[in-house]
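Novice:
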Amino acid sequence: MPGAMPPAPTGDTSASGQLTGLLAQNSPYLQQARAGGVRTAARRGLLNSSIAAGSGEAAAIAAAAPIASQDAQQLAQTAQTRLEGDINFNNSSRLQTQQTAGQMDLQRLSDTGAMSRQTAAAADELHRLGITISAQANTATADHANQMTLAQIQSNHSLVSSYLAAFGEMSKNADLPAAARNAYVQEMQTVISQSMALTTQLASRQIAWGT
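Each number in this note's numbering corresponds to the 1-based position in the sequence shown with 8 added.
1) Under the three-state reduction of DSSP, which class applies to ALA182: helix, strand or coil?
2) Does the Cβ of ILE200 have 16 or more other Cβ atoms within 10 Å, making it buried, or fewer, making it exposed?
3) Going straight from the alpha carbon of ALA148 to that of SER166, what length do you get?
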């Protein structure tokens, strides 16, 4: 399970939004900046109240801008951290769901089915493809996408192997009606075909191992 995510940023997280918020708070720091701007305008002979006030506001904006920019950067980093955490969690959850579904299918079919020449051919073809994870692959450092690809290949290989084993046991049931046997064989062939197609597709993907 991923670690606790930071709270989601609320409100306007842009630099301009943060600046507006800081100016609205009228903190002592900004009050001091405004007063300094007014005094500077007065020293320059700008006694008009609107001009002096404008100079004070400009000074406050200049003082608050770096703070607003830093706050906006921190909020953007928080949002990025949450996004990456959500992506990792969703990928892990999807893989777990696929594995659980495969296990449930095997449990449902554990008492029925039959082994056929087609299934034996499928097993031979799967073995010929050599979709296995070598010791080198187990110790290599791959990026997240490569790890997900290898995990999916392993899951499909395990699922197909379990199907073949289950049907091998069920073929020993001499009392199984022919219609049921044919239905089980057809379903098994569909699962094998789909799993092999997905495994072949994943195996053709370019894997970039870490050094």
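From the three backbone atoms N, C-alpha and C, an ideal C-beta is built for every residue, glycine too.
These figures come from a predicted structure and were not determined experimentally.
Specialist: Quick look at the numbers:
1) In the sequence shown, counting from the first residue as 1, residue 182 sits at position 174. ALA182 falls in the coil class under three-state DSSP.
2) By one-based count along the sequence shown, residue 200 stands at place 192. The residue is buried, with at least 16 neighbouring Cβ atoms inside 10 Å.
3) Numbered from its first residue, the sequence shown carries residue 148 at position 140. Numbered from its first residue, the sequence shown carries residue 166 at position 158. Residue placement at ALA148 cannot be trusted, given a pLDDT of 49 that sits under 50; what the coordinates show is reported in the next sentence. Cα to Cα, the separation comes out at about 21 Å.
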